[in-house]
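Everything below concerns the one structure shown next.
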Amino acid sequence: MIILDRYIEEVGKHLPRKNRSDIQKEIRSTIEDMLEDRAAQNGRPLDDSLVQEVLKEYGAPSKVAASYLPVRYLIGPRMYPFFTLVLRIVFSVLFVIALVRLGIALSKDTLSWTTFLKIIGQNTMNFLTGILSAFGNIVLIFAILERTMPASQYEMEEEKWDPKELNSVSDPDKVNRVELIFEVLFTVLGLILFNFYPDFPKFEWVSGDKWIICPGFSEAFFQYLPWINILFLLQIVIDLVLIREGIWKTVTRILYCIIESGFIALACVMLVGPSLIDLDMQHFQSIFGEASETIIAFFDRLPHFVLIILIIVQSIDVMKMIWKALNRSKTV
Amino acid sequence: MENNDAVQSILSELRRGVIVIAVLSQLKEEQYGYSLLKRLADQGFEMDQGTLYPLLRRLESQGLLQSIWRIEDDAHPRRYYVISSAGTDALVRLMNEWNQIVGTVQKML
Numbered sequence: 007m008i009i010l011d012r013y014i015e016e017v018g019k020h021l022p023r024k025n026r027s028d029i030q031k032e033i034r035s036t037i038e039d040m041l042e043d044r045a046a047q048n049g050r051p052l053d054d055s056l057v058q059e060v061l062k063e064y065g066a067p068s069k070v071a072a073s074y075l076p077v078r079y080l081i082g083p084r085m086y087p088f089f090t091l092v093l094r095i096v097f098s099v100l101f102v103i104a105l106v107r108l109g110i111a112l113s114k115d116t117l118s119w120t121t122f123l124k125i126i127g128q129n130t131m132n133f134l135t136g137i138l139s140a141f142g143n144i145v146l147i148f149a150i151l152e153r154t155m156p157a158s159q160y161e162m163e164e165e166k167w168d169p170k171e172l173n174s175v176s177d178p179d180k181v182n183r184v185e186l187i188f189e190v191l192f193t194v195l196g197l198i199l200f201n202f203y204p205d206f207p208k209f210e211w212v213s214g215d216k217w218i219i220c221p222g223f224s225e226a227f228f229q230y231l232p233w234i235n236i237l238f239l240l241q242i243v244i245d246l247v248l249i250r251e252g253i254w255k256t257v258t259r260i261l262y263c264i265i266e267s268g269f270i271a272l273a274c275v276m277l278v279g280p281s282l283i284d285l286d287m288q289h290f291q292s293i294f295g296e297a298s299e300t301i302i303a304f305f306d307r308l309p310h311f312v313l314i315i316l317i318i319v320q321s322i323d324v325m326k327m328i329w330k331a332l333n334r335s336k337t338v
Numbered sequence: 811m812e813n814n815d816a817v818q819s820i821l822s823e824l825r826r827g828v829i830v831i832a833v834l835s836q837l838k839e840e841q842y843g844y845s846l847l848k849r850l851a852d853q854g855f856e857m858d859q860g861t862l863y864p865l866l867r868r869l870e871s872q873g874l875l876q877s878i879w880r881i882e883d884d885a886h887p888r889r890y891y892v893i894s895s896a897g898t899d900a901l902v903r904l905m906n907e908w909n910q911i912v913g914t915v916q917k918m919l
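Chains as they are written, first to last, in my numbering: chain A, 7 to 338; chain B, 811 to 919.
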């Protein structure tokens, strides 16, 4: 009967301490009944081979123990919606922090492709580590809440439930026309300014007895202008099509992704290219003296920062669009 | 094959619904687990230990059964189960519901 003792011991390892000995006692009693019955029925001695046969029939220890346990969740249905909400908030905050850190890191020096990719890689790894760590902590907190929050509190909330308070169903294919109208207006404004008022960011003012000149775009920037114009025009066309049709279709999603990818590619090229700001070093030195280095560095790094933000935002936009298109094709 | 699995799953759900009635109906007199299992099997209601014993514990925790550990005739200790008064009331209600369901379904079929 040593095998039976081992079996009972093994079942006990999978049971909660509270009822363990009682359940073990009951299982032993049942198996002993089965053994006696089987031995009497078949005229066999009650030996190890019979015990093994009966235990095999009774089932694996973990399976037997599981039949005594209720279904257990790490995070159950009552907590799950709050869990996903907290995850979304925390992940968004971490993403914004990572974005700012990346922007700062990339705006430090004139970048080569190698440095650019290295910084992107390092920051991505840091971001993923942060996400994993936050996920683990949130799961831990919710798992503790799942086991400590009284069920009565949840039942009270269930009683207060009102069908009238349900949120309206959102249509993922519906176009936000107001957003698109603003996008078209700003794109047209950008086209006019870049093409007809190339000096627009440059302005001067008098401080004391000195003229201060805020720098404008450099010649390097205007080399990219034809590409900017093409992308802006395509953007306006697709926006107008979307405003007219009112819904996203697979074709418009694909075209939108292509245009956004064009913006990303152009921003990457601009990022590793020469400075986009026309800085008059002598002018700054004559006005600000020692502080001029900081001011020059600020203007020099500003376009990098803006481009990085642009690349990340557009990339997310493209990924969201692809995800929606794939999701749509699955449901159709 | 898939269809067969689905039918098997529906059949076990159907049986699960009536197991409580079968068990309660056989516990008007004291039974230990294995004797109850055999008694049910003898009447054509086969079920495995993994289903019966947790069910007995659940019904006891719900107050529908009572149990006691006892040693009889030099045998090993056994837990004897018997229906409680709350269990008897519940069984009457369950049987009424069962008869109603059977009547309704038979009319539909």
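No residue lacks a Cβ here, since even glycine has one placed at the ideal position from N, Cα and C.
Model, not experiment: these values are computed from the prediction.
**OP:** State yes or no: is the beta carbon of residue 18/A nearer than 8 angstroms to at least one beta carbon in chain B?
**Re:** no
**OP:** Write down the C-beta distance between residue 171/A and residue 85/A rounded to the nearest angstrom, noting that I regard them as a contact closer than 8 angstroms.
**Re:** About 20 angstroms separates the two Cβ atoms, so there is no contact after all.
**OP:** Spell out the partners DSSP gives residue 877/B in its beta bridges.
**Re:** 891/B
Original post:
residue 849/B CB to nearest chain A CB: under 8 angstroms?
Top reply: no
Original post:
Hey, residue 224/A and residue 137/A: beta-carbon distance below 8 angstroms or not?
Top reply: no
Subject >> CB contact below 8 angstroms: residue 859/B versus chain D >> reply: Absence of chain D from the displayed structure is noted, the protein chains being A and B.
Original post:
Would the stretch 812-826 of chain B and the stretch 314-322 of chain A be scored as touching if the rule is three or more Cβ pairs under 8 angstroms?
Top reply: no
Original post:
Expressed to the nearest angstrom, what Euclidean distance is found between the alpha-carbon atoms of residue 229/A and residue 280/A?
Top reply: 11 angstroms
Subject >> Partners in chain A for residue 888/B, counting only beta-carbon separations shorter than 8 angstroms >> reply: 35, 39
Original post:
Looking at C-alpha atoms only, which residue of 196/A, 252/A, 74/A is the closest neighbour of residue 236/A?
Top reply: 196/A
**OP:** Identify, in the order they occur along the chain, each residue of the same chain with its Cβ nearer than 6 angstroms to the Cβ of residue 18/A, setting aside the five sequence neighbours on each side.
**Re:** 26, 30
**OP:** Use the C-beta contact count for residue 60/A: other C-beta atoms within 10 angstroms, 16 or more gives buried, fewer gives exposed.
**Re:** buried
Original post:
So residue 148/A packs on residue 89/A, CB below 8 angstroms; how close in whole Å?
Top reply: 5 angstroms
Subject >> chain A residues whose Cβ lies nearer than 8 angstroms to that of residue 843/B >> reply: 32, 35, 36, 39
Original post:
Using a C-beta to C-beta distance shorter than 8 angstroms, which residues of chain B count as neighbours of residue 73/A?
Top reply: 860, 861, 863, 864
**OP:** Can you tell me the Cβ-Cβ gap for residue 838/B and residue 893/B, rounded? I've got them flagged as a contact below 8 angstroms.
**Re:** 6 angstroms
**OP:** Reducing DSSP to helix, strand and coil, say where residue 223/A ends up.
**Re:** strand
**OP:** Taking 8 angstroms as the cut-off, decide whether the C-beta atoms of residue 245/A and residue 190/A are in contact.
**Re:** yes
Subject >> Alpha carbon of residue 70/A to alpha carbon of residue 22/A, nearest angstrom >> reply: 13 angstroms
Subject >> residue 81/A in three-state terms, based on DSSP >> reply: coil
**OP:** Using a Cβ cut-off of 9 angstroms, pull out every chain B residue sitting near residue 13/A, in sequence order please.
**Re:** Within 9 angstroms Cβ-Cβ: nothing; residue 13/A doesn't reach chain B, min ~13 angstroms.
**OP:** Taking all protein chains shown into account, decide if residue 39/A is buried (16 or more other Cβ within 10 angstroms of its Cβ) or exposed.
**Re:** buried
Subject >> Own chain, CB closer than 8 angstroms to residue 833/B, minus 5 neighbours either side, in chain order >> reply: 846, 850, 862, 865, 866, 869
Original post:
Would a check of beta-carbon distances place residue 70/A closer than 8 angstroms to chain B?
Top reply: yes
**OP:** Please work out which residues of its chain come closer than 6 angstroms, Cβ to Cβ, to residue 183/A, disregarding the five sequence neighbours upstream and downstream, and give them in chain order.
**Re:** 249
**OP:** Indicate whether at least one CB of chain B lies closer than 8 angstroms to the CB of residue 10/A.
**Re:** no
Original post:
With a Cβ-Cβ cutoff of 8 angstroms, do residue 181/A and residue 266/A count as a contact?
Top reply: no
Original post:
Is there a Cβ from chain B that is less than 8 angstroms from the Cβ of residue 268/A?
Top reply: no
Subject >> C-alpha gap between residue 168/A and residue 154/A, whole angstroms >> reply: 26 angstroms
**OP:** State the CB to CB distance for the pair residue 328/A and residue 274/A, rounded to an integer number of angstroms; the pair is presumed to be in contact (CB under 8 angstroms).
**Re:** About 19 angstroms separates the two Cβ atoms, so there is no contact after all.
Original post:
Can you list the residues of chain B that residue 65/A reaches, using a CB-CB cut of under 7 angstroms?
Top reply: 860
**OP:** Taking only runs that begin and end inside the stretch 27-114 of chain A, name each unbroken beta strand (DSSP E) of 3 or more residues, in chain order.
**Re:** none
Original post:
Are there three or more Cβ pairs, one per stretch, closer than 8 angstroms when the stretch 895-903 of chain B is compared with the stretch 871-887 of chain B?
Top reply: yes
**OP:** Look up residue 229/A in the DSSP assignment and say whether it is helix, strand or coil.
**Re:** helix
Subject >> Among 879/B, 857/B, 836/B, 853/B, the one whose alpha carbon lies nearest that of residue 821/B >> reply: 857/B
Original post:
Can you list, in chain order, the residues of its chain whose CB lies under 8 angstroms from that of residue 42/A, leaving out five sequence neighbours each side?
Top reply: 52
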